[in-house]
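In our numbering, the protein residues as written are 1202 to 1427. We treat Cβ as the ideally placed atom computed from N, Cα and C, and that holds for glycine. Computed from a prediction, not measured in an experiment: that's the story for all the values here.
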């Protein structure tokens, strides 16, 4: 019985492989049809940016990027729901402290650069936000319990900034007579830059706060324990 079952599975896999090869060969024989990449490049002038990756993420597939930011926010809310953050690490030595004073400003500067060039070169909000989050991780490793983050009230505003600005821009474009996240010609570059700026701050704050590993301390927590 086992050998018969193996033969059936093997025959099915072989037929599937032959069918896939036939599909690929047929597509090659038919010739070059319209390609998504060509259509994406042709529509770049209307997006206001010259980097095709940024155009795809924030113009062609803006809904997907909005949901990605929402997933990051939901993940952080799940972490915060587990309770307060654990105590910080021990104080860092002189070598690590010296590295922090050198590396953290460079990470922030590089993040700002990637945000700015994202419209016409490789970069953008996710790369810039990752560098800001890395700066927070380095500060946490150096003994900063907050990982360089502001108090809880400010963190709440920062982590929702990406989703909030995204949605507000979408509502604004609808008010201008276009569809949701359908940027009007002449406004698209600056609307995308506004979205990416808010997303960068939100991503960096979210990643650093997630590394801290729990809900930040607030005045209510301290007074409740005393």
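> For the segment 1254 to 1314, which segments carrying the alpha helix (DSSP H) assignment without a break, of at least 4 residues, lie completely within its bounds, in sequence order?
Replying inline: Runs of the alpha helix (DSSP H) spanning 4 or more residues and lying entirely within the segment 1254 to 1314 occur at 1263 to 1281, in chain order.
>> Can you look up residue 1416 in the DSSP assignment and give me helix, strand or coil?
In response: The answer is strand: DSSP assigns residue 1416 an E or B state.
>> Given this structure, state the Cα-to-Cα distance separating residue 1223 from residue 1283, to the nearest angstrom.
In response: The alpha-carbon separation between residue 1223 and residue 1283 amounts to approximately 52 angstroms.
> Shortest alpha-carbon distance to residue 1321 belongs to which of 1409, 1278, 1246 and 1367?
Replying inline: Comparing alpha carbon positions, the residue from 1409, 1278, 1246 and 1367 closest to residue 1321 is 1246.
>> So, at 8 angstroms on beta carbons, what are the nonlocal neighbours of residue 1389 in its own chain, with the 5 sequence-adjacent residues on each side left out?
In response: Once the five neighbours on either side are set aside, the close Cβ partners of residue 1389 are 1247, 1248, 1249, 1250 and 1260.
>> Quick check on residue 1417: buried or exposed, where buried means 16 or more other Cβ atoms within 10 Å of its Cβ?
In response: Around the beta carbon of residue 1417, 16 or more other beta carbons lie within 10 angstroms, which makes this residue buried.
> Do three or more CB pairs link the segment 1395 to 1410 to the segment 1361 to 1374 at distances below 8 angstroms?
Replying inline: With the rule of 3 Cβ pairs closer than 8 angstroms, the segment 1395 to 1410 counts as touching the segment 1361 to 1374.
> Around the C-beta of residue 1345, are 16 or more other C-beta atoms found within 10 angstroms, so that it is buried, or is it exposed?
Replying inline: The residue in question, residue 1345, is buried, as its Cβ has 16 or more Cβ neighbours within 10 Å.
>> Rounding to the nearest angstrom, what Cα-Cα distance links residue 1273 and residue 1204 in this structure?
In response: Spanning the alpha carbons of residue 1273 and residue 1204 requires a straight line of approximately 48 angstroms.
> If we count the other Cβ atoms within 10 Å of its Cβ and call it buried at 16 or more, is residue 1340 buried or exposed?
Replying inline: When all chains shown are included, residue 1340 counts as buried.
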